[in-house]
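Residue numbers (this note's numbering): 1 to 121.
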């Protein structure tokens, strides 16, 4: 499926060291995009291999300053799962991605999140 790319970013790794938390950025960039069906956020590496794909209805995105975003995927409507932090190259790319993400959140999901959702309607 086609992916609309909104920018490039680096992963930020957090390390706990006693009472302090330090961060370090990976040296390689990944591309951040949204699938053409507006259903998923994709992270793609430099070799164009998809690293992660999160359904937008199951993803929380939070801003951590002007150039960083946190991604928390939920499982079964609970706020658990994996967290990724990305440091974007510039504020234009992060703003464009956030605008597109919020627009996709406002769309009605084209697919049920689980097989039981259709029966509940």
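C-beta atoms are modelled at their ideal positions from N, C-alpha and C, and glycine is treated no differently. Remember, it's a predicted structure, so these values are computed and weren't measured experimentally.
- By a beta-carbon distance limit of 8 Å, residue 71 contacts residue 84. Their separation comes to about 5 Å.
- Membership of residue 40 in any alpha helix (DSSP H) is not indicated; the residue belongs instead to the beta strand (DSSP E) covering 40-44.
- For residue 94, there is no enclosing beta strand (DSSP E); the residue is part of the alpha helix (DSSP H) that begins and ends at 91-106.
- Sixteen is the threshold: since fewer than 16 other Cβ atoms of the shown chains lie within 10 Å of the Cβ of residue 106, the residue is exposed.
- In its chain, beyond the 5 residues on either side, 28, 29 have a beta carbon closer than 7 Å to the beta carbon of residue 46.
- Note on geometry: alpha-carbon atoms of residue 66 and residue 1 lie some 30 Å from one another.
- In this structure, the alpha-carbon of residue 58 lies about 19 Å from that of residue 64.
- Residue nearest to residue 75 within the set 92, 94, 54, 68 is 54 (criterion: CA-CA distance).
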